Amino acid sequence: MLIETQLPDLLHRGKVRDTYQIDADLLLMVTTDRISAFDVVLPTGIPE
Numbered sequence: 005m006l007i008e009t010q011l012p013d014l015l016h017r018g019k020v021r022d023t024y025q026i027d028a029d030l031l032l033m034v035t036t037d038r039i040s041a042f043d044v045v046l047p048t049g050i051p052e
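One gets my numbering by counting positions in the sequence shown from 1 and adding 4 to each.
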């Protein structure tokens, strides 16, 4: 289960996705197991 990423160069942390700036022309979007419902991030991730 991936709730939070810890990579360098975090550009934006959204409710479910984290976006990183790899270089001037390249972004990395990581989809996590965070759950968002009705604009609230729930305290537990997606169960296995």
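Note that the Cβ used here is the ideal one computed from N, Cα and C, for glycine as well. As the structure is a computational prediction, the values presented were derived from the model and not from experiment.
Whose C-alpha, out of the options, is nearest the C-alpha of residue i?
i, options, result
"L46", "G18, Q10, D13", "G18"
"D22", "S40, P12, T35, L30", "T35"
Considering only their Cβ atoms, is the gap separating residue j from residue i smaller than 8 Å?
i, j, result
"L15", "L30", "no"
From residue i to residue j, what distance separates their C-alpha atoms?
i, j, result
"I7", "V44", "15 Å"
"P12", "D37", "20 Å"
"G49", "Q10", "17 Å"
Excluding five sequence neighbours on each side, which residues of the same chain lie with their C-beta closer than 8 Å to the C-beta of residue i?
i, result
"E52", "M5"
Here's a check: name, in chain order, each residue in its chain whose Cβ is nearer than 7 Å to the Cβ of residue i, leaving out the five neighbours to either side.
i, result
"V4", "Residue 4 cannot be examined here, being either before or after the span of the chain that is shown, 5 to 52."
"S25", "Correcting the residue type first, residue 25 is Gln in the shown sequence and not Ser. So the list reads D13, L15, L31, once near-sequence residues are dropped."
"M33", "R21, T23"
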